[in-house]
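Residue numbers (the working numbering), protein chains in the order written: chain L, 1 to 274; chain C, 1 to 366.
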């Protein structure tokens, strides 16, 4: 039941997975998954635990290499590129389990997110010559004005990230991913383990990032919180046991029999968080 | 931990102020005072024996800085750093003894400085070679491959082959007048001290500048979380090897410096215990901190000297103590590491940071 009512123009597609297979030994984590993400959208991926959502993100990101299938980013085939090269192309992500750099301050974490935009090398760095000095101040200005201000983390910028509470670590991780100025941002369960207030904050940040003229970042969202998913997404992609069930607008997904059987369960359950 | 609170009531107005090296006037004057003491007071007050202890502290600092970079900042456990120091020493010695330097370079006193730089580069490349396994393995397994560096380099290559060159036997004695920088011949403890001081300050400046710019941040990111570092656009292998190169380079410079203090170079100076000792220094001083290297080095060297001074008089009545001093020293070293790991796992640098923060915020520490 693939819904293809809207015609997709090729130049609109930012990321495309074509018939991707991924096996761990004999276990098929993904069997023939295809996905198109269009510029400017929030595209969600949902599915029960173990459906292969995180595997899919890791494949897009380059941490796993699929045995079969093709991945296109901005029309370029990126199957063979290692993660750091994909980052240079404009692919950024956050992790399901926070993976911040615990020993660095919040500011340094975000600075590290801008790694690909810094230029200085080992010689100019070791003497902190004019170029490095200027660059550090330039990027500091960007970070303060664009990221720290947006995410409202002014008060913790000099704290070691490992000592912060979980909710703030998630926010720092989002800041770090955003500092890269990506074109596609993969958000792997950004709301997991947050309290209601933090969920609302985070949802607001995601909308800001997606809609504000300054950012306009396409988001690929993996999330279990159905209320948020249905409210935020332009399209929802449902995965079950490595197979796509449906890829459609939120309303169509909610009324799809197969999705309800596989994941949503009883009607109205998904709206409990609201 | 590197970020210290400013004293009460101090605020920065520009980013430039906050990025500056010495953030307040007080720190600046404190550091200048320290430099005056190091350069003028100590050499005039301290006598020969104490001078040699200072030199040994400096040597330990230089050696441990490389280990700190690898273990404390890049997270690559290494237990073979002595090998690269040995490479530095032997490269310089061989260049000084065997290389046909043009007379003009010898007259200008450039042969030793040039050899030192070459030694740094050679040791750096040698270190990269043994850093290559870090592409695939980490943690305990990397300890084993870096230990291999120690045994392959010192016990095999240097002892078996390089020491045989020129038929000099095990130890290479270095003619005193060949250790010459410009017009100065490094022939006394005081001169070695000045050379040590310049090198220590230079390398600390370079390393701390690296650590607050792009390359150093990438290293720390790899230490904290290599997977997300790669996702954030860091070429992990490249930066790991860069860390091995810089650590090896520092080790090469260290080794090359140390021959100015030795009358002869032999493989016994670079036994595996040296590598272990340097790791002990950063464990006691505190991993991930340049202060830690300095505190650890001073503490270890001075403690061992005090131990020796304490045991020597006892040796007259108990001859066994004097003859077994080496064993006592080693077991004391082990005991110290145990005590520090139990009671001060973050090392002396953490305590120092706490004291500093306390006084910066005093009397309103909340």
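Glycine is no exception: its CB is placed at the ideal position from the N, C-alpha and C atoms.
Beta-ladder partner(s) of residue i, from DSSP
i, result
"residue 188(L)", "222(L)"
"residue 264(C)", "173(C)"
"residue 248(L)", "236(L)"
"residue 213(C)", "DSSP, once it has assigned bridges, lists no residue as partnering residue 213(C)."
"residue 105(L)", "160(L)"
"residue 20(L)", "33(L)"
Residues near residue i by beta carbon distance below 6 Å, same chain, minus five either side
i, result
"residue 257(C)", "199"
"residue 167(L)", "194 and 198"
"residue 123(C)", "84, 87, 88, 248, 251 and 252"
Any chain L beta carbon closer than 8 Å to residue i
i, result
"residue 266(C)", "no"
"residue 296(C)", "no"
"residue 28(C)", "no"
"residue 149(C)", "no"
"residue 19(C)", "yes"
"residue 23(C)", "no"
"residue 259(C)", "no"
"residue 248(C)", "no"
"residue 1(C)", "Any reading at residue 1(C) is ruled out, since the residue's pLDDT is 44, under 50, leaving its predicted position unreliable."
"residue 311(C)", "no"
"residue 210(C)", "yes"
"residue 166(C)", "no"
Residue i at chain C interface by Cβ criterion, 8 Å
i, result
"residue 193(L)", "no"
"residue 166(L)", "no"
"residue 87(L)", "yes"
"residue 113(L)", "yes"
"residue 61(L)", "yes"
"residue 255(L)", "no"
"residue 99(L)", "yes"
"residue 241(L)", "no"
"residue 83(L)", "yes"
"residue 188(L)", "no"
"residue 206(L)", "no"
"residue 176(L)", "yes"
"residue 116(L)", "yes"
"residue 108(L)", "yes"
"residue 34(L)", "no"
"residue 22(L)", "no"
"residue 120(L)", "yes"
"residue 171(L)", "no"
Cβ-Cβ distance between residue i and residue j below 8 Å
i, j, result
"residue 185(L)", "residue 148(L)", "no"
"residue 367(C)", "residue 243(C)", "The structure shown does not extend to residue 367(C), since chain C is modelled only from 1 through 366, so no value can be given for it."
"residue 85(C)", "residue 255(C)", "yes"
"residue 146(C)", "residue 78(C)", "yes"
"residue 232(L)", "residue 45(L)", "no"
"residue 329(C)", "residue 125(L)", "no"
"residue 189(L)", "residue 238(L)", "no"
"residue 288(C)", "residue 58(C)", "no"
"residue 252(C)", "residue 119(C)", "yes"
"residue 229(L)", "residue 245(L)", "no"
"residue 148(C)", "residue 281(C)", "no"
"residue 342(C)", "residue 82(C)", "no"
Classification of residue i by the beta-carbon crowding that lies within 10 angstroms, buried from 16 upward
i, result
"residue 110(L)", "buried"
"residue 216(L)", "exposed"
"residue 239(C)", "buried"
"residue 338(C)", "exposed"
"residue 257(L)", "exposed"
"residue 225(C)", "buried"
"residue 277(C)", "buried"
"residue 14(C)", "exposed"
"residue 188(C)", "exposed"
"residue 66(C)", "buried"
"residue 41(C)", "exposed"
"residue 10(C)", "exposed"
"residue 47(C)", "exposed"
Contact set for residue i: own chain, Cβ-Cβ below 8 Å, skip 5 residues either direction
i, result
"residue 105(L)", "157, 158, 159, 160 and 161"
"residue 259(C)", "89, 92, 93, 174, 179 and 265"
"residue 334(C)", "none"
"residue 154(L)", "148"
"residue 29(L)", "22, 23, 52, 55 and 242"
"residue 184(C)", "109 and 191"
Own chain, CB closer than 7 Å to residue i, minus 5 neighbours either side, in chain order
i, result
"residue 316(C)", "none"
"residue 305(C)", "53"
"residue 174(L)", "94, 151, 190 and 205"
Next item on the list: Anything in the segment 124–152 of chain L with a Cβ closer than 7 Å to a Cβ of chain D? List those residues in chain order, please.
Entry: No chain D is present in this structure, whose protein chains are L and C.
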